[in-house]
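Beneath this line is the structure, given in structure tokens, with notes to follow.
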RNA sequence: GUCUCCCUCGUCUAGUGGUUAGGACAUCGGGUUUUCAUCCCGACAACGCGGGUUCGAUCCCCGCGGGAGAUGCCA
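Below, the structure written as structure tokens:
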């Protein structure tokens, strides 16, 4: 039988790490097994729905290069794939359950339910949930409520006796007493929209989903879903509950742990291959030692057996490391186009790019690629090329083991050596040798000469390599900045 | 409160009834280097606890402890 899996997010927020991890696992499982990956939009909560979320879903998957075989936009034999467009369907199925006696109309007001809940909490009752107030209304009572214009919800009749077991590929059998299953959950809301439970089960069945891979937070509702399948008389799919993604404090990963929206990672300059690689490794491993996986490799080697049971903490530092690795592996022309938007946003280069800017950017890439963890790092790294904020605190120019006087001399004579050398087309190694000789003569470390020069040219103690910086800056600007620094030390 | 699930270095993980319990990130130290970074080398660091079963348990069983999730006209 063909494997059919789905990613079924609800467009009520931006795509986050946890969601995308679920999408990836489903996608890779489908690919590795020659099956189909289906995207379904579960937009049944019209209070929290937003167009922005839906657009974010599409753009995020596109950015990651995750293509769905069936779903919105691309269509497919089980469409539509957006639940709000399947509106009538759920009502039909809910009413079918009512007719079978497996579900019933409930006319309780939200206020009453709130009151019931409150009392249960206050009395510390063991019994939590709906009190089944409407479970046994007579036909005439129902008619009377309807005549009054009260919009009912439809609730599933959960058995009070017995227990329900479902099998999870990872966890094994999970059993719950029926009396512990959330009593009589709402299937169809009073606005006619289905709740998650109904829509999810109906669609998974209608769309021929074979494996349900979703986060472990859904385990408790597993028995409920099984009850639903049984009420309909449908075959139950395979379950595989994925370990949750946690924050540093062990709680479910959320905004307060840092960025969780994939869009934010993208904006900061994470590469899609780094996100895919790292996120897939959160709760999954192939052999415990292989770390680097391309998307294409994962499409071949992903297995359910490699999924871990325990929740996993999302390590931002390790993501950074992966990203740095991928940046260093990327080829220079790609990196040039990747860093361009950051330089444009900083106002350093124009949009569209001039020919000179494009040329400069291509020269920036090699020295910068060894130093970036995220693409946005390019801005502080190259700021000295586009804006000139001279360091006026002399102490910054003074290297360890040197002093102000020696630094002033190193700066003056070093500038001389450097500038004349550059103008005469001398080799960098040769200039370097002379500068080193100067440091020996002054009785200071090599850096005692290089640091003041570097600070003068790049306005920072931390910078790209000196000769790279000079090449990017140009000889005239270099000279101007050096002379300015020399002057700073001449003043007293 | 009730229910369900989980438990190997700080973090992600590999692993086995007998191993020096392996790898990676992070951290620390060293080397390369004009700074930073890269790169290389090294170090630190784990089987939650208590009972069993066994010649022997990290691994099997039970209990405890800890953590998480669920308990909505949200998904």
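Residue numbers (the working numbering): 5 to 496.
No residue lacks a Cβ here, since even glycine has one placed at the ideal position from N, Cα and C.
Here residue 219 carries a strand assignment [DSSP, helix/strand/coil]. Of all alpha-carbon atoms in 51, 142, 346 and 396, the one lying nearest the alpha-carbon of residue 486 is that of 396. Around residue 411, the same chain offers 401, 402 and 456 as residues with beta carbons nearer than 6 Å, after the five sequence neighbours per side are excluded. Counting only residues of its own chain and dropping the five nearest sequence neighbours on each side, residue 306 has a CB closer than 7 Å to the CB of 32, 33 and 36.
Ranked by Cα distance from residue 315, the options 476, 237, 452 and 246 are led by 246. With 16 or more other Cβ atoms inside 10 Å of its own Cβ, residue 468 counts as buried. CA-CA distance, residue 283 to residue 219, rounds to 14 Å. At the C-beta level, residue 47 and residue 86 come within 9 Å of one another. Apart from sequence neighbours up to five positions away, the residues of its chain that approach residue 43 with a beta-carbon distance below 6 Å are 11, 72 and 75, ordered along the chain. For residue 339 against residue 331, the beta-carbon gap comes to about 7 Å, under 8 Å, which counts as contact. CA-to-CA, the gap between residue 110 and residue 151 works out to about 14 Å.
The Cβ-Cβ distance between residue 161 and residue 243 does not fall below 9 Å.
Straight-line measurement puts the Cα of residue 155 at about 16 Å from the Cα of residue 96.
According to the DSSP secondary-structure assignment, residue 11 is paired through a beta bridge with 43. Sequence-distant Cβ neighbours of residue 250 in its own chain, meaning closer than 8 Å and more than five residues away, are 256, 257, 315, 316, 317 and 318. In its chain, beyond the 5 residues on either side, 60, 61, 64 and 266 have a beta carbon closer than 6 Å to the beta carbon of residue 19. Three or more Cβ pairs closer than 8 Å define a contact, and the stretch 199 to 208 falls short of that threshold against the stretch 290 to 302. At the C-beta level, residue 376 and residue 273 come within 9 Å of one another. Closest in alpha carbon position to residue 101, among 210, 393, 232 and 449, is 232. Residue 477 and residue 389 have their C-alpha atoms spaced approximately 6 Å apart. In the DSSP assignment, residue 86 falls outside any beta strand (DSSP E), carrying neither H nor E. When secondary structure is reduced to three states using DSSP, residue 304 falls in the helix class. Taking 8 Å as the upper bound for CB-CB distance, residue 447 and residue 414 are not in contact here, some 11 Å apart.
Less than 9 Å separates the beta-carbon of residue 120 from that of residue 137. In the same chain as residue 38, and ignoring 5 residues on each side of it, the C-beta atoms closer than 8 Å to its own belong to 6 and 7, in chain order.
Residues of the same chain with a CB within less than 8 Å of the CB of residue 105, apart from the 5 flanking positions on each side, are 161 in chain order.
Spatial neighbours of residue 347 in its own chain (CB-CB distance under 6 Å, excluding positions within 5 residues in sequence) are listed in chain order as 353. A direct Cα-to-Cα measurement between residue 142 and residue 184 gives close to 27 Å.
Residue 168 carries a strand assignment under DSSP once its states are collapsed to helix, strand and coil. Comparing alpha carbon positions, the residue from 479, 416 and 15 closest to residue 454 is 416. Cβ-Cβ distances below 6 Å link residue 443 to 450, 452 and 453 in the same chain, with the five nearest sequence neighbours on each side left out; the list follows chain order. When the five nearest sequence neighbours on each side are left out, the beta carbons in the same chain lying within less than 7 Å of the beta carbon of residue 193 are those of 157 and 199, in order along the chain. Leaving aside the five residues that flank residue 488 on each side, the residues in its chain whose CB is nearer than 8 Å to its CB run, in chain order, 394 and 460. Checking the DSSP bridge columns, you'll see residue 179 partnered with 169. Selection 408, 371 and 191 evaluated against residue 335 yields 371 as nearest (Cα-Cα). Distance check between residue 276 and each of 28, 17 and 13 places 28 closest, using alpha-carbon atoms only.
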